[in-house]
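One structure is given below, encoded as structure tokens.
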Amino acid sequence: MKWPRLSRRACASSGGSMLKRVGLIMRGLAAVLLVLASARLAAAEEKRLPVPAVSIRAGELIRDDMITERAFAPSLLGVAMFIEGRQVLIGRMARRALLPGQPIPTNSVEDPWTVARGAMVKVVVEDSGLSIVTYGSAMQSGAAGALIPVRNTDTGVIIRGIVQPDGTVKVVDGS
73 MKWPRLSRRA CASSGGSMLK RVGLIMRGLA AVLLVLASAR LAAAEEKRLP
123 VPAVSIRAGE LIRDDMITER AFAPSLLGVA MFIEGRQVLI GRMARRALLP
173 GQPIPTNSVE DPWTVARGAM VKVVVEDSGL SIVTYGSAMQ SGAAGALIPV
223 RNTDTGVIIR GIVQPDGTVK VVDGS
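Quick note: the sequence shown uses my numbering, first residue 73, plus one each step.
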């Protein structure tokens with residue numbers, strides 16, 4: 073069998089078009105692999121955070137049925153600090169309105185108040201075995217362990233004390 077003779081130009085053009093086709097195929101495969109790799113990487117890096125399932129008003133206690141989870145890309149979260157565990161939220165109180173589907177910043181929840189602003193509280197002063205009990209009006213809301221101002225109802229003097237778990241306020245030294 074005799075092979076046909078091709079001119080130099082014909083050989084160059086047929087080889088060149090084949091190389092172009094192979095190059096296009098390789099570029100296409102590389103693009104597909106890049107897309108697949110970036111999708112896999114994005115899925116591996118996404119972060120699941122607890123988010124409100126419903127609107128939660130400021131001062132409202134957070135229940136388990138109010139929380140769901142949602143995936144976020146790390147680039148969307150930025151450098152802000154968000155609550156990462158559902159158990160951190162349950163039983164705590166919202167400091168501000170929390171919107172459905174939005175990540176919850178760490179500073180937007182607090183322990184529930186033991187003492188509410190304006191409430192009558194028992195004020196205890198203890199010194200050298202002596203204990204004095206009186207009543208006052210809380211000038212600020214606070215959870216157990218919080219330092220709040222209290223107005224003595226008898227004298228009108230404002231004192232500062234630490235809220236106790238039972239709702240009493242223990243006067244600190246120097247108040």
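We put the CB at the ideal spot given by N, CA and C, even for glycine.
8 Å Cβ shell around residue i - same chain, five flanking residues per side excluded
i, result
"Ile-128", "Ile-134, Met-138, Ala-166, Ala-169 and Leu-170"
"Leu-161", "Pro-122, Ile-134, Ile-139, Ile-155, Ile-176 and Val-181"
Enclosing alpha helix (DSSP H) for residue i [first to last residue]
i, result
"Leu-161", "158-161"
Unbroken beta strand (DSSP E) run spanning residue i, endpoints
i, result
"Leu-202", "202-210"
"Arg-167", "Arg-167 -> no beta strand (DSSP E), and no H or E assigned at all."
"Glu-198", "192-199"
"Phe-144", "139-144"
"Gly-173", "Here Gly-173 belongs to no beta strand (DSSP E), and DSSP marks it neither H nor E."
"Gly-219", "Looking at the sequence provided, one finds Leu at residue 219 rather than Gly. Counting along the chain, the beta strand (DSSP E) containing Leu-219 begins and ends at 219-224."
Among the options, nearest to residue i - alpha-carbon criterion
i, options, result
"Val-196", "Gly-163, Ile-234, Ala-143 and Ala-216", "Ile-234"
"Pro-177", "Leu-121, Leu-96 and Val-94", "Leu-121"
"Ala-125", "Pro-175, Gln-236 and Ser-200", "Pro-175"
"Ala-130", "Glu-141, Gly-217, Arg-164 and Val-107", "Arg-164"
"Ser-203", "Val-243, Leu-108 and Leu-96", "Val-243"
"Ala-215", "Ser-147, Ala-145, Gly-95 and Val-241", "Val-241"
"Leu-219", "Asp-136, Gly-239 and Gly-201", "Gly-239"
One or two residues paired with residue i in a DSSP bridge
i, result
"Asn-179", "Bridge partners of Asn-179: none, in fact."
"Lys-92", "DSSP output for Lys-92 lists no bridge partner at all."
"Pro-124", "Ile-139"
Chain-order list of residues whose beta-carbon lies under 7 Å from that of residue i (same chain, five-residue window excluded)
i, result
"Thr-206", "Val-195, Asn-224 and Asp-226"
"Glu-118", "Ala-143, Phe-144 and Ala-145"
Is the number of C-beta pairs between the segment 210-221 and the segment 170-189 that are closer than 8 Å three or more?
-> yes
Assess, as a yes-or-no matter, whether the segment 175-184 is touched by the segment 151-158 under the definition of 3 or more beta carbon pairs within less than 8 Å.
-> yes
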